[in-house]
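Novice: Counting in the numbering used here, the sequence shown runs from 211 upward without gaps. For every residue, glycine included, the Cβ atom is placed at its ideal position computed from N, Cα and C. Treat the numbers as computed from the prediction; the structure is a model and nothing was measured. Below is the structure I would like to discuss, written out as structure tokens.
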Amino acid sequence: MTYRLCLVSALALASTPALAQNAPAADTAWTLQDAIGDPDNLEVSGSARVRYEALHNQFRPALDRNDDLVTLRFTLAARYDAGPVEVGAELQDSRAYFGDTGSSVGTGEVNAFELIQAYVAADLGQPFGAGSEAKLTAGRFTMDLGSRRLVGRNNFRNATNAFTGVRLDAKGAGGKLTAFVTMPQQRLPSDKASILDNEVEWDHEGTDLLFWGAFGSFSKLMGGADLEAYFYGLDEDDRPGVATRDRRLYTPGFRLVRAPAKGQADYELEYAHQFGSISDSTAVNAPRRDVSANFAHAALGYRFDAKWQPRVALEYDFASGDGSGRDYGRFDSLYGPRRSDFGPTGIYGPLGRSNIHAPGVRVEAAPSRLLDGFVSYRALWLDSASDSFANTGVRDPSGRAGRFAGHQVEGRVRYWFVKDLLRLDSGAAVLFDGPFLRDAANAPRSGDTLYGYVDLTATF
């Protein structure tokens, strides 16, 4: 394990600014689109990524103390535009190697040979007046809505969220609107043995799990800021062989954001409330509880007018946990990626939008069009001392372990060896355990967690 961590560190050093700025980089990238003669009505693209990641001092209960994994991800996408009708498809092959039964590897890392998009879209013309646009999409597709904190396509994670259903996208002078009714893909296989074998199985989709809602955005309001508002619904039922907590979750929210710009302050505020009902367990006759949960993100930053484009930001994230009250209080982050706010996921990923208070600071820089990076720090508390902390699985039902979980420090450096074709991404994180992560009833007491990764992505 030690030599593997050293390997990650050495590869990460290879992408530091001093070395990366001296490396040659080509100006143009070869693509599949070029290979087929770049026709006007057909677009094809693909990608290949290989990643090595290693973890020392596991924070999750009942798993091996040390873990490492190699993941591979390949995509191939095509889109044909026939005027008023568009047809698209995308195949993604996500696999993992060198995991074992004591690893945290799961459906987030393995989803072999899956058609994540296969859709038909119709141009509806200008239904809301001159200059308006509307498109109706039916089939299987991915979605990125707003900040992507509740609905988004996963990039860092090896496997992604996708949905089957219908989606309406409309655009007018006043803003944009997306409305959808879908059946989320439930990734298969889900048993550990099949995951470790990278078995190919078509993902499940059905009316036992429905995800629907609407998202609207309005640009350049309130001092140049953008305003977004949304309402999402999730309806879950059991299906043969799979017992669930029968979630009925309804999540209204809003986001106000002013994008970073040189020599200017920027800010972001997002809040969502969650209500509905949930069963206490997956048992058929389990009692039901009302849901009342909340999530918030706030950030205030400034980007300096300098060549390296440095930006400093203060950040705060909150998501409620389940306490001793009558209502169920643990926030469900639905289909939102976590990497942008909380650090690497993969075999790491202790932080998420459940039972957490996380103030922090972030420093970013982009010295050139080929190189960028950041470092960030978070202090970590639980919202509810008796609920499990974020995504760790660590819980102290008595609450005696307290609410202070510890600290996280992370950093990332990315470098394009060939712009838009070949990119190196390397990073590391340290989770310093506080009293809760040391003293909770099921805490592994393994010490501070060290994590590192390096990956290489070719886009063509």
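Tryptophan 626: buried (16+ other C-beta within 10 angstroms of its C-beta) or exposed?
Specialist: Position 416 of the sequence shown, counted from the first residue, corresponds to residue 626. Per the 10 Å Cβ criterion, buried.
Novice: Please work out which residues of its chain come closer than 7 Å, Cβ to Cβ, to lysine 381, disregarding the five sequence neighbours upstream and downstream, and give them in chain order.
Specialist: Translated into the one-based positions of the sequence shown, residue 381 becomes position 171. For lysine 381, where only same-chain residues beyond five positions count, the Cβ hits under 7 Å are Ser342 and Glu343.
Novice: Taking its Cβ as the centre, do 16 or more other Cβ atoms sit within 10 Å of arginine 655, making it buried, or is it exposed?
Specialist: Locating residue 655 in the sequence shown gives position 445, counting from the first residue. Exposed: under 16 other Cβ atoms inside 10 Å.
Novice: State yes or no: is the C-beta of asparagine 267 within less than 8 Å of the C-beta of threonine 659?
Specialist: Here residue 267 refers to the residue found at position 57 when the sequence shown is read from its first residue. Here residue 659 refers to the residue found at position 449 when the sequence shown is read from its first residue. Taking 8 Å as the Cβ cut-off, asparagine 267 and threonine 659 qualify as a contacting pair.
Novice: Mapping the DSSP letters down to three states, classify aspartate 517 as helix, strand or coil.
Specialist: Walking along the sequence shown from the start, residue 517 turns up at place 307. It should be pointed out that residue 517 corresponds to lysine in this sequence rather than to aspartate. Coil at lysine 517, not helix or strand.
Novice: From alanine 236 to glycine 535, what does the alpha carbon distance come to, in whole angstroms?
Specialist: Along the sequence shown, read from residue 1 onward, the residue named residue 236 stands at position 26. Along the sequence shown, read from residue 1 onward, the residue named residue 535 stands at position 325. For alanine 236, the predicted model reports a pLDDT of 48, less than 50, meaning its position is unreliable; a value from the coordinates is still stated below. Near 60 Å, if we compare the C-alpha coordinates of glycine 535 and alanine 236.
Novice: What alpha helix (DSSP H) runs, 4 residues minimum, are completely inside the region 389-437?
Specialist: 402-406
Novice: Please classify phenylalanine 670: does DSSP put it in a helix, a strand, or coil?
Specialist: Within the sequence shown, the letter at position 460 stands for residue 670. In the three-state scheme derived from DSSP, where H, G and I count as helix and E and B as strand, phenylalanine 670 is classed as coil.
Novice: Here's the rule: buried if 16 or more other CB atoms are within 10 angstroms of the residue's CB, otherwise exposed. What is proline 234?
Specialist: Here residue 234 refers to the residue found at position 24 of the sequence shown. Legend: pLDDT at proline 234 = 45, less than 50; position of this residue unreliable, no value from coordinates given.
Novice: Consider the Cβ of alanine 306: report whether some Cβ of chain B lies at a distance smaller than 8 Å.
Specialist: No chain B is part of this structure, which consists of one protein chain only.
Novice: Tell me which residue opens and which closes the beta strand (DSSP E) that glutamine 243 is part of.
Specialist: Taking the first residue of the sequence shown as 1, we reach residue 243 at position 33. Taken as a continuous stretch (DSSP letters only), glutamine 243 belongs to no beta strand (DSSP E), being part of the alpha helix (DSSP H) at 242-245.
Novice: Would you identify the three-state DSSP class for proline 645, choosing helix, strand or coil?
Specialist: As a first step, residue 645 is located in the sequence shown; it is residue number 435 there, counting from the start. The three-state reading of DSSP puts proline 645 in helix, counting H, G and I together.
Novice: Can you give me the start and stop residues for the alpha helix (DSSP H) that phenylalanine 552 sits inside?
Specialist: By 1-based counting over the sequence shown, the position of residue 552 is 342. Phenylalanine 552 -> alpha helix (DSSP H) spans 549-552.
Novice: Taking just the CA atoms, how far does arginine 540 sit from isoleucine 488?
Specialist: Within the sequence shown, the letter at position 278 stands for residue 488. Within the sequence shown, the letter at position 330 stands for residue 540. Cα to Cα, the separation comes out at about 11 Å.
Novice: Do leucine 279 and glutamate 319 come within 8 Å of each other at the CB atom, strictly closer than that value?
Specialist: Numbered from its first residue, the sequence shown carries residue 319 at position 109. Numbered from its first residue, the sequence shown carries residue 279 at position 69. Going by C-beta atoms, glutamate 319 is nearer than 8 Å to leucine 279.
Novice: Please determine, among Thr281, Ala299 and Val295, the residue with the shortest C-alpha to C-alpha distance to arginine 733.
Specialist: Absent from the structure is residue 733, since the part of the chain shown begins at 211 and ends at 670.
Novice: On the three-state DSSP scale, how would you describe glutamine 231?
Specialist: The residue you call residue 231 lines up with position 21 of the sequence shown. Residue confidence for glutamine 231 is low, a pLDDT of 44 falling below 50, so the modelled location carries little weight; the figure read from the coordinates is stated next. Note: glutamine 231 maps to coil in three-state DSSP.
Novice: With distances taken Cα to Cα, identify the nearest neighbour of leucine 273 among Leu466, Ala331, Phe284 and Thr311.
Specialist: Here residue 273 refers to the residue found at position 63 of the sequence shown. When only C-alpha atoms are compared, the closest one is Thr311.
Novice: Would DSSP call glycine 385 helix, strand or coil?
Specialist: In the sequence shown, counting from the first residue as 1, residue 385 sits at position 175. Note: glycine 385 maps to strand in three-state DSSP.
Novice: Roughly how many angstroms separate the alpha carbons of proline 470 and leucine 398, rounded to a whole number?
Specialist: Locating residue 470 in the sequence shown gives position 260, where the first residue counts as 1. Locating residue 398 in the sequence shown gives position 188, where the first residue counts as 1. The straight-line gap from Cα to Cα measures roughly 39 Å.
Novice: Curious, which full-length beta strand (DSSP E) runs of at least 3 residues does the region 443-493 contain?
Specialist: 458-468 and 474-489
Novice: Can you give me the Cβ contacts of alanine 653 inside the same chain, cut-off strictly under 6 Å, excluding the 5 residues immediately before and after it?
Specialist: Within the sequence shown, the letter at position 443 stands for residue 653. Val604 and Leu647, listed in sequence order.
Novice: Pull up the CB-CB distance for phenylalanine 528 and alanine 506, whole angstroms please, since I reckon it's below 8 Å.
Specialist: Residue mapping note: residue 528 aligns to position 318 of the sequence shown, counting from 1. Residue mapping note: residue 506 aligns to position 296 of the sequence shown, counting from 1. The beta carbons of phenylalanine 528 and alanine 506 sit about 5 Å from each other, so the pair counts as a contact at 8 Å.
Novice: Mind checking who threonine 602 pairs with in its DSSP beta bridge?
Specialist: Sequence index remark: in the sequence shown, residue 602 carries index 392 (1-based). Answer by DSSP bridge pairing: none, since threonine 602 is not bridged.
Novice: According to DSSP, is arginine 377 part of a helix, a strand, or is it coil?
Specialist: Within the sequence shown, the letter at position 167 stands for residue 377. Reduced to three states, the DSSP call for arginine 377 is strand.
Novice: Alpha carbon to alpha carbon, what distance is there between valine 467 and aspartate 476?
Specialist: Position 266 of the sequence shown, counting from 1, holds the residue named residue 476. Position 257 of the sequence shown, counting from 1, holds the residue named residue 467. Spanning the two alpha carbons is a distance of roughly 8 Å.
Novice: Terminal residues of the continuous beta strand (DSSP E) containing leucine 282?
Specialist: Residue 282 sits at position 72 when you count from the first residue of the sequence shown. Leucine 282 -> beta strand (DSSP E) spans 276-291.
Novice: Does DSSP put glycine 349 in a helix, in a strand, or in coil?
Specialist: By 1-based counting over the sequence shown, the position of residue 349 is 139. Glycine 349 falls in the strand class under three-state DSSP.
Novice: Do valine 680 and tyrosine 262 have their CB atoms nearer than 8 Å?
Specialist: In the structure as shown, the chain starts at 211 and stops at 670, and residue 680 therefore has no counterpart that could be examined.
Novice: If you compare alpha carbons, which of Ala509, Thr667 and Gly531 is closest to glycine 570?
Specialist: Counting from 1 along the sequence shown, the entry for residue 570 is found at position 360. Of Ala509, Thr667 and Gly531, the residue nearest in Cα terms is Ala509.
Novice: Nearest to alanine 568 by alpha carbon, out of Gly309, Ala383, His414 and Leu592?
Specialist: Within the sequence shown, the letter at position 358 stands for residue 568. Looking at the Cα atoms, Leu592 is the closest of the given residues.
Novice: Look at the alpha carbon of valine 297 and the alpha carbon of phenylalanine 390, and state the distance between them as a whole number of angstroms.
Specialist: Here residue 297 refers to the residue found at position 87 of the sequence shown. Here residue 390 refers to the residue found at position 180 of the sequence shown. Each residue's Cα considered, the two are about 18 Å apart.
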